[in-house]
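So the sequence shown is numbered by full-length UniProt numbering: it starts at 1 and just counts up by one.
So the structure is just underneath, and the comments pick up after that.
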Amino acid sequence: MELNVSTASQGGHAVVTATGELDLYTAPRLQAALAGLLRDQADRITVDMSGVEFCDSTGMNVLLSAMKRLKEQGGSLELAAPRPAVKRILQVTGLDTVFTVVDAVPAFDSL
């Protein structure tokens, strides 16, 4: 399965939308998108997980690494609308207490 990644930005906030499976083979796509936003000095990144059907440890490591780098720059990263399978992975690994997880992707006009 493929992973499609798109980004949208307004001000210092960026939304990264991922759809498909996030695993060893597809994680570099998400990593590249997040790295680009970090280089552009985004101060808040929301990763829309509503279209992610599967996420393995490689995908989680990409997200953790981006969150760590963003925090070092004084920013924040949140995961939005993870599907039940991904939410379960977050809970089992304890990462639901590490990441900020929100139920919906915030609209740009409500920021």
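C-beta: ideal position from N, C-alpha, C; glycine also.
Assign residue i to one of three DSSP states: helix, strand, or coil.
i, result
"A18", "strand"
"F99", "coil"
For the alpha helix (DSSP H) containing residue i, list its first residue and its last residue.
i, result
"Q41", "Here Q41 belongs to no alpha helix (DSSP H), and DSSP marks it neither H nor E."
"A66", "S57 to E72"
Can you have a look at residue i and say buried or exposed, based on whether 16 or more other CB atoms are within 10 angstroms of its CB?
i, result
"T26", "buried"
"A85", "exposed"
"D48", "buried"
"Q91", "exposed"
Tell me the rounded alpha-carbon separation between residue i and residue j.
i, j, result
"L37", "A14", "8 Å"
"R83", "S50", "6 Å"
"G94", "R88", "10 Å"
"L64", "Q31", "11 Å"
"L70", "M1", "29 Å"
"L111", "G74", "Confidence at L111 is low in this model, with a pLDDT of 47, below 50, so the placement of that residue is unreliable and no value is reported for it."
"M60", "E21", "12 Å"
"G79", "A42", "Going by the sequence as given, residue 79 is Leu instead of Gly. Straight-line Cα distance between these residues: approximately 15 Å."
Hey, quick one: how far does the beta strand (DSSP E) through residue i stretch, first residue to last?
i, result
"L3", "L3 to Q10"
Could you round the C-beta distance between residue i and residue j to whole angstroms and report it? I think they count as a contact, below 8 Å.
i, j, result
"T19", "V52", "7 Å"
Relative to the ligand COA, is the shortest distance from any of its heavy atoms to the C-beta of residue i smaller than 6 Å?
i, result
"T7", "This structure lacks the ligand COA; in fact it carries no ligand of any kind."
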